[in-house]
Each structure stands twice: as structure tokens, then as C-alpha cells.
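Asks: For reference, the structure I am asking about is given below.
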Amino acid sequence: AAQLELLVHAGASLTSCNKEGDTPLHIAATWGHLECVRMLVENGALVDATNHLGATPLHLSLAHRHTNVASFLIHGAAADIEVQDTSGDTVLHAAVRDGLLSIVQSLCRLGCDTDVPNKQGLYPLHLAARYGHTEIVRCLCLYGCNTEVRNQDGVKAEITALKFGHSDISNLLVKVRNSVTQDSFIRQLLPNNSPLPRFNIQIFGHSDVGKSTLVETLKTGYFGSFFRRSKPLVTASAQSMPASPNKMHIEM
17 AAQLELLVHA GASLTSCNKE GDTPLHIAAT WGHLECVRML VENGALVDAT
67 NHLGATPLHL SLAHRHTNVA SFLIHGAAAD IEVQDTSGDT VLHAAVRDGL
117 LSIVQSLCRL GCDTDVPNKQ GLYPLHLAAR YGHTEIVRCL CLYGCNTEVR
167 NQDGVKAEIT ALKFGHSDIS NLLVKVRNSV TQDSFIRQLL PNNSPLPRFN
217 IQIFGHSDVG KSTLVETLKT GYFGSFFRRS KPLVTASAQS MPASPNKMHI
267 EM
């Protein structure tokens, strides 16, 4: 970082590229050098410059799992989160593919488009289903992704999950799709100009699969101050019925 500072102060170009089209910011992001990334951005480096593969520094930081660099580019440098590289991947595709849940949550909170296919016809939901990222599937559903989308072969994400041995994700997507409350709770979870009503969300799946993270997402999202656990029912019939291990209710 000290050597970079000397070069920057000496007037070194921040936009020059190597043969791959990478700028100094691309290289710093690739190697995870946060202080160098910060210094380059503060001195006017182009945050959304693309290399010959159409990748931005944010793409490269995610491809190499440097989440601290990615978080800075997203929140500290206002990087464009909708840029698609030459493969059609957005940064959401990259984060989902590598299971970077915290980045996926950040992108969704910022309103990224969850339903953009890449050139293989794969949506972020398909990638999460393929690689078994259950909590990311829940997050995408929470933020209103379309569970009915099909890839270029006409395959839905639930079938992709089955193909790669992730039956829990397939079952989750089937239940979300078939739930009569799905449209209602997705609409109410998305920010809008109306007052936030009280409602119940029914979360499907095994009690140990991703629910704690989803609850934390709710607590830290747009409506964290409204969050509270639902109170147990006190009716005789409810007391006589054993709690289902496959459902959880959250009252908001």
C-alpha cells in the first residue's frame, strides 16, 4: 500500500490496463488488497471499469471470495450491482455461486434484480439450487424472486436441485410455490410506501435448515424494529397438538 501511495502521488495512471483489460483496481480486488482498493477508489479509479471479459472489480473480488473488498465496493464505493459480464453473470450470480450469503443479503437489500438470467439461461435461484445453498434460496425467496423461472432447457430450479441431490431445496421451492400465502408474504416483505401490517410468515423446511439466518435477515432488514417472535397459541386444541418440526411462524 505504501508503494502504491507513492505511485499515485507521482501521477501514475489509474486507468491503464494490462493485456486482459484489468486496471489497477481490478488487480487489487482480485488479490483482496483492501487498503489498495480503498486508496485507488479515493484517488479516482473507475469503480465500474470492465476488463475484456466484462468483469468489474466487484465481479473479481467475489470470484476470489474477498468479501471484505466486495463489501467496501458495494457500500463504500457505490459500485454498480447490475453489470453483466460477457457470460451474462451479474455480481449476484457470482455471490450465489460461491455461497456468499452476507453479500447476497446486502445485494438484495439494495434492490438488485434477482431474476436476471446469464447466457446459459441460469438465474441466481438455479445456481443456489445447483450448489445446495439452502439459506441463499430462502433469502432469494424472501426478497421476491420468481420461483417459476426456467433455464434455457426449460428446467425449473426445483428440478435442478433434485438433479444435484439437494432434495431439501427442491421440497422448499415446491412448498413455497404451492403455499396460498406465498404471494402475500413476499409482497409484504418488500419495502413500499404503505405501513407495514402485522402478518404471519410460514417458513417451510426442517427446523435446522437455514431458519436462524433467515430470522437474522429479518431482524437486520428494513423491518427489524417490527420483528418479534409469535406468541404460542393457548387454545386447548393447540395445546393438544404436537408442534410440527417442519414449520415455523413469525409474527410481524
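FYI, the numbering for the sequence shown is 17 to 268, going by the numbering used here. Glycine included, every Cβ here is placed at the ideal spot set by N, Cα and C.
#1: When the Cα of SER103 is compared with those of LEU189, ALA44 and VAL132, which residue comes out closest?
#2: On the CB-based measure, 16 or more other CB atoms within 10 Å of its CB, does ASN84 come out buried or exposed?
#3: Assess, as a yes-or-no matter, whether the stretch 94-109 is touched by the stretch 62-78 under the definition of 3 or more beta carbon pairs within less than 8 Å.
#4: Tell me the DSSP secondary structure of PHE243 in three-state form.
#5: Cα-Cα, which of PHE180, ASP38, VAL112 and CYS128 is closest to ALA65?
#6: Could you give the residue range of the alpha helix (DSSP H) that holds ALA274?
#7: Residues in its own chain within less than 8 Å of THR176 by CB, not counting five upstream and five downstream?
#8: Return helix, strand or coil for ARG81, following the three-state DSSP convention.
#9: Can you name, in chain order, every residue of its own chain whose Cβ lies under 8 Å from the Cβ of SER32, other than the five neighbours on each side?
#10: Please report how far the alpha carbon of ASN16 lies from the alpha carbon of SER186, in whole angstroms.
#11: Between the C-alpha atoms of LYS172 and ARG193, what's the straight-line distance to the nearest angstrom?
#12: Distance check for GLY170 and GLN19, CA to CA, integer angstroms please.
#13: How would you write the range of the alpha helix (DSSP H) that SER118 sits in, first residue to last?
#14: Per DSSP, which one or two residues make a beta bridge with ARG166?
#15: What is the C-beta distance between ILE152 and VAL107, in whole angstroms, given that I count them as a contact (C-beta under 8 Å)?
#16: I'd like the list of long-range same chain contacts for VAL24, defined as Cβ closer than 7 Å, with 5 residues on each side in sequence excluded.
#17: When the Cα atoms are used, what is the spatial distance from LEU89 to LYS135?
Replies: Short version:
#1: Nearest C-alpha to SER103: VAL132.
#2: By the neighbour-count rule (16 or more Cβ atoms within 10 Å), ASN84 is not buried but exposed.
#3: A contact exists between the stretch 62-78 and the stretch 94-109.
#4: Because PHE243 carries a pLDDT of 39, less than 50, the predicted location of this residue cannot be relied on, and no value is offered for it.
#5: Minimum Cα distance to ALA65 is reached at ASP38.
#6: For residue 274 there is no data in the structure shown, the boundaries of the chain being 17 and 268.
#7: These residues qualify, in order along the chain: HIS142, ALA145, ARG146 and ASN167.
#8: In the structure shown, ARG81 adopts coil according to DSSP, grouped into three states.
#9: Closer than 8 Å at the Cβ level, and outside the excluded window around SER32, lie THR39 and PRO40.
#10: Residue numbering for the chain in the displayed model covers 17 to 268; residue 16 lies beyond these limits and cannot be assessed.
#11: CA-CA distance, LYS172 to ARG193, rounds to 12 Å.
#12: The C-alpha of GLN19 lies about 52 Å from the C-alpha of GLY170.
#13: Its alpha helix (DSSP H) spans residues 117-125.
#14: Listed as beta-bridge partners of ARG166 by DSSP are LYS172.
#15: Not really, about 14 Å apart at Cβ, beyond 8 Å.
#16: Excluding residues within five positions, the ones whose Cβ falls inside 7 Å are MET55 and ASN59.
#17: Approximately 25 Å, taken between the alpha carbons.
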